[in-house]
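Novice:
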Amino acid sequence: MIKLYTPATGFPDLEAKIAYGLARVGIETFGMEKATIQDNGGFYTIAIDTNEDEFDKIEKTFNMLCKRLLSSSYIPFSTPGVAGRSAEGVSVTENEIFSLDSYRPIIFNAENKKSENICRHNAVDDNNGRKERIKVAIEAYRYLISGQIGASLSHAVPHGNPLEILVAYSETGPLPFPISPMYSDYISKTSGLMPQNTTLLYWGSNSPKEVNKKDTIDKIFTELLSKV
5 MIKLYTPATG FPDLEAKIAY GLARVGIETF GMEKATIQDN GGFYTIAIDT
55 NEDEFDKIEK TFNMLCKRLL SSSYIPFSTP GVAGRSAEGV SVTENEIFSL
105 DSYRPIIFNA ENKKSENICR HNAVDDNNGR KERIKVAIEA YRYLISGQIG
155 ASLSHAVPHG NPLEILVAYS ETGPLPFPIS PMYSDYISKT SGLMPQNTTL
205 LYWGSNSPKE VNKKDTIDKI FTELLSKV
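Each residue of the sequence shown is one higher than the last, beginning at 5 in the working numbering.
(1) Check whether the stretch 135-144 touches the stretch 179-199, taking contact to mean three or more Cβ pairs, one atom from each stretch, closer than 8 Å.
(2) Less than 8 Å between the C-beta atoms of Tyr-206 and Lys-218, yes or no?
(3) Does the Cβ-Cβ distance between Ile-52 and Leu-104 come in under 8 Å?
(4) Assign Leu-26 to buried or exposed, taking buried as 16 or more other Cβ atoms, counted over all protein chains shown, within 10 Å of its Cβ.
(5) Hey, out of Glu-168, Leu-179, Glu-175, Tyr-107, whose CA is closest to Thr-220's CA?
(6) May I ask you to report which of helix, strand or coil DSSP gives Glu-168?
(7) Which whole-angstrom value is the C-beta distance of Ala-23 and Ile-50, which I expect to be below 8 Å?
(8) Please report the Cβ distance between Glu-214 and Leu-204, rounded to the nearest whole angstrom; I am assuming they are in contact, meaning their Cβ atoms lie under 8 Å.
(9) Quick check: the Cα distance between Pro-199 and Asp-43, rounded to an integer number of angstroms?
(10) Who pairs with Gln-42 in a beta bridge, going by DSSP?
(11) Determine the DSSP secondary structure at Leu-205, reduced to helix, strand or coil.
(12) Taking DSSP's pairing of strands, which residues face Asn-1 in a bridge?
(13) Going by Cα to Cα distance, which pick from Val-29, Ser-209, Met-36, Gly-46 is closest to Leu-18?
As structure tokens, then:
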């Protein structure tokens with residue numbers, strides 16, 4: 005079994021695209037039934053059901069795909085999310101050779117370096133350091149909602165008088181993105197998306213049955229901090 009890992013960039017959509025790209029390499033090499041994708045909550049494992057000594061076949065396919073798709077700037081220029089200035093830079097030259105070695109270890113557990121294709125946050129080895137980061141992030145939302153901080157004063161002021169706040173948290177795993185509050189039934193729809201063991205906290209003038217309503221915004225943040 006050959007396993008490849010996405011680099012845990014911190015961007016869910018980017019991780020999924022990398023996972024599908026790596027899976028395509030396995031499918032093109034050995035067939036659809038040989039490649040599987042496993043979601044690990046923040047990164048993906050791509051398992052290719054073949055022997056380790058056939059890794060060179062996968063790399064040959066990878067290089068073939070790179071040259072097929074990136075031999076000119078036409079496809080990059082036509083790809084959403086690729087800026088015009090960078091489209092020329094991703095074109096593959098005839099003699100370039102690429103390797104999948106960067107996707108073989110789970111590199112996000114290693115020390116972050118400029119040369120690594122992962123986020124530049126400092127690695128956190130101890131559980132207490134992780135908890136402190138979570139607490140700081142939660143407190144930052146408290147200040148953002150109150151209008152005390154923001155990208156600028158004009159950006160912060162609209163949050164100074166919130167009408168409703170809906171918070172979802174889980175102690176067992178990641179959660180999907182909520183439904184936008186522009187829809188009148190966003191609370192019930194969001195509730196339906198959430199997995200089991202998810203707690204929904206609400207502050208506002210309504211009394212939705214799907215949530216645990218709090219009298220004050222402070223009580224929402226107090227409960228969140230208590231769960232860290």
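Glycine residues also receive a C-beta, built at the ideal position from the N, C-alpha and C atoms.
Specialist: Taking the definition as stated:
(1) A contact between stretches requires three or more CB pairs, one per stretch, nearer than 8 Å, and the stretch 135-144 fails this requirement with the stretch 179-199.
(2) In contact: Tyr-206 and Lys-218 (Cβ atoms closer than 8 Å).
(3) With contacts defined by Cβ atoms closer than 8 Å, Ile-52 and Leu-104 do not form a contacting pair.
(4) Classified as buried, Leu-26 has 16 or more neighbouring CB atoms from the shown chains inside 10 Å of its CB.
(5) Checked all of Glu-168, Leu-179, Glu-175, Tyr-107; the closest Cα to Thr-220 is Glu-168.
(6) Glu-168: strand per DSSP, three-state reduction.
(7) Contact flag correct, Cβ pair sits at about 6 Å.
(8) Indeed, because the Cβ distance is near 6 Å, the residues count as touching under 8 Å.
(9) The C-alpha of Asp-43 is placed about 15 Å away from the C-alpha of Pro-199.
(10) Answer by DSSP bridge pairing, in chain order: Thr-49.
(11) Looking at Leu-205 - three-state DSSP - the assignment turns out to be strand.
(12) Coverage of the chain is limited to positions 5 through 232, which leaves residue 1 absent and any answer about it impossible.
(13) For the set Val-29, Ser-209, Met-36, Gly-46, the Cα lying nearest the Cα of Leu-18 is the one of Gly-46.
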